[in-house]
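Written below as structure tokens is the structure these notes are about.
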Amino acid sequence: MSLKMFEKPLGMRDTFPVIYEKIETVRQTGRKFLRARGYDFIETPSLEYFDTVGKASAIYDASLFKLVDSQGNTLVLRPDMTTPIARVATSKLLKEKIPLRLAYFANVFRAQQTEGGRPAEFGQMGIEVIGDSTVFADAEVIITAIHLIQSFGIESFKITIGHAGVLNCILKDYTESDEQASTLRKLLVDRNYVGFEEAVETFHLPKTKSDALLQFINEATTFASIEEIEKYVRKNDALEYMQQLIELIKAADLSQYVALDFTLSSHMNYYTGMLFEVFAEGSGFELGNGGRYDGLLHHFGSEVGATGFGIRIDRLLEVLPSKETEDETVAVIFNELEYMKALQIANNLREEGKRVTLQSKNGLINEEAFTKQFGQVVYVSQEDLA
């Protein structure tokens, strides 16, 4: 027998029962929470056209799963949920209601080039507010993210907030070409701060510019207020916007969950304004990210604003508080002649709210190993038939 028959494609995972139930609990908790806040759930196809969603998604081409349909069209497995939702919103939903508040719980697909333990398919839960360009929409998204994470019993977490416009101004003002600014931005996407400093040195910039960039990279993640960034960038609409955003979060009494990080940059090049990442104690990776992506809507021919976030379900599971199972599990074991009585007993127990497995004794290969999986075992005897 070939071992190949037990292998999975690169990056694909099986979801076993225990993890499946945890995911289902997250889904139900998230759905109840988000619907109570006015969000409507939506589902989009797993397959999309490459020329529309594939190209607009800003996911690296090498990370796309591509295939060709019978008509010769190139398709992709959806690499994110924001882009398909932007497609359906601009084609239909915005004509019926604006602004839109949409939510989703779905799997996305990112091809992996090497075996590095990273999944090629993973679940995401998130929201999109489409058709509202105000700072209040951005504040709603961040506040919703904070409260959603709290709804899962997680308290030790932080949301770091930056602004694409502010970072672009700094990189443009302190470099001498678009190429230099692009190089530094890519290094920030990878959080390669050492590489950032090395690149600044190789550019041979005027000392005032190189010193400013090096000081900025060392301070940008520790700013306690918007005013502290003003020594690196002239006061502009983006800074005023961020000041308003921080004030709204403060008014919601949630400042303790938020920190500023003006080095934040994303390979999702459709982010045009505020952007943020979510980190929690117990995980070395971000739980999720979000921000304002007006540019993506423009790609689909709509001039409205949009903002939202997505949370990785697999990473969320890593930091969920441990909870004892609340289900009371019962196995009802019967012989062939006792089936009808066993069925009645099982149904009575189910009506009491217990989780009941009905099992023929003759069908057990290892009775001892099987019964150890249950909190209670009921054997239906001949006496029960009397």
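The sequence shown begins at 1 in my numbering and counts up one residue at a time.
For every residue, glycine included, the Cβ atom is placed at its ideal position computed from N, Cα and C.
query, result
"Boundaries (first-last residue) of the alpha helix (DSSP H) holding Ser151", "Val135 to Ser151"
"Proximal residues to Leu264 (C-beta, below 6 Å), its chain only, five neighbours per side dropped", "Gly162 and Leu275"
"Buried or exposed (CB count within 10 angstroms, at least 16 for buried), Ile365", "exposed"
"Identity of the residues DSSP links to Arg315 by a beta bridge", "According to DSSP, which records beta bridges pairwise, Arg315 is partnered with nothing at all."
"At least three beta-carbon pairs within less than 8 Å, the stretch 80-90 to the stretch 294-308", "yes"
"Ala106 vs Phe65 beta-carbon contact at 7 Å", "no"
"Distance between Thr144 and Ala36 (C-alpha atoms, nearest Å)", "11 Å"
"Helix, strand or coil at Ile249 according to DSSP, with G and I counted as helix", "helix"
"Residues of its chain near Ile226, where Cβ-Cβ distance is below 8 Å and the 5 sequence neighbours each way are ignored", "Leu239, Met242, Gln243, Ile246 and Leu260"
"Distance, Thr29 Cα to Asp384 Cα", "Summary for Asp384: the model assigns pLDDT 49, below 50, so the residue's position carries little reliability; its value from the coordinates is reported in the next sentence. Each residue's alpha carbon lies about 42 Å from the other."
"Nearest neighbour of Lys22, chosen from Leu358, Val233 and Leu316 [CA to CA]", "Leu316"
"For Ala181 and Leu171, believed in contact at Cβ under 8 Å, the rounded distance", "4 Å"
"Contained alpha helix (DSSP H) runs [length at least 4] in the stretch 323-358, N- to C-terminal order", "339-351"
"Beta bridge counterpart(s) of Ser360 as assigned by DSSP", "Phe334"
"Close beta carbons around Val68, own chain, < 8 Å, minus the five adjacent residues each side", "Thr74 and Leu75"
"Boundaries of the beta strand (DSSP E) in which His163 is found, first to last residue", "Phe157 to His163"
"Cβ pair Ala212, Tyr174 closer than 7 Å", "yes"
"Three-state secondary structure assigned by DSSP to Gln113", "coil"
"Simplified DSSP assignment, three categories, for Gly195", "helix"
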